[in-house]
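One structure below.
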Amino acid sequence: MKPQGLTKLRTDELKKLLRLLYREEVETPLSPKRIACIGFQYRQEELMNALRDLDARAMQAVIVAVLAERLK
Numbered sequence: 002m003k004p005q006g007l008t009k010l011r012t013d014e015l016k017k018l019l020r021l022l023y024r025e026e027v028e029t030p031l032s033p034k035r036i037a038c039i040g041f042q043y044r045q046e047e048l049m050n051a052l053r054d055l056d057a058r059a060m061q062a063v064i065v066a067v068l069a070e071r072l073k
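According to this note's numbering, the sequence shown holds residues 2 to 73 in order.
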């Protein structure tokens, strides 16, 4: 199966996740429990596959890049 990255997340979901990261409301690195604590348990698989082992700054960079690509 081909990796999906963050393609399954809607733009509004990515913006919400980015906002939570900027507010330092996301504990990193991500874990299923940490994902559930921020209300994204329904996107656990996608987030763990794409952002596992990243710190907050790296996660922000990835999400900003995805959003920039989508909004160009």
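Heads up, the beta-carbon is just placed ideally off N, CA and C, and yes, glycines get one too. This one's a predicted model, so the numbers in the text were calculated from it and none came from an experiment.
Quiz item: Is the beta carbon of L52 sitting closer than 9 angstroms to the one on V63?
Solution: As a first step, residue 52 must be located in the sequence shown, where it is residue number 51. As a first step, residue 63 must be located in the sequence shown, where it is residue number 62. It is a contact, given that the beta carbons lie within the stated cut-off.
Quiz item: Q61 by DSSP, collapsed to three states: which one?
Solution: Your numbering for residue 61 matches position 60 in the sequence shown. In this structure, Q61 counts as helix in the three-state DSSP scheme.
Quiz item: Looking at L68 and T12, is the spacing between their C-beta atoms short of 9 angstroms?
Solution: Taking the sequence shown and counting its residues from 1, one reaches residue 12 at position 11. Taking the sequence shown and counting its residues from 1, one reaches residue 68 at position 67. Yes, these two residues count as a Cβ contact at 9 angstroms.
Quiz item: Taking C-alpha atoms, which residue in V27, R35, E46 and R44 lies nearest to R58?
Solution: Numbered from its first residue, the sequence shown carries residue 58 at position 57. Comparing Cα positions, the closest option is V27.
Quiz item: Residue range of the alpha helix (DSSP H) that E46 falls in?
Solution: For the purposes of this step, residue 46 is identified with residue 45 of the sequence shown, where counting begins at 1. Residues Q45 to L52.
Quiz prompt | Inter-residue spacing [alpha-carbon to alpha-carbon] between Q42 and L48 | solution = As a working note, residue 42 is residue 41 in the sequence shown. As a working note, residue 48 is residue 47 in the sequence shown. So the alpha carbons of these two residues sit roughly 9 angstroms apart.
Self-check item: Contacting residues, own chain, Cβ-Cβ under 7 angstroms from L31 (five flanking each side not counted)
Solution: In the sequence shown, counting from the first residue as 1, residue 31 sits at position 30. L48, M49, L52 and R53, listed in sequence order.
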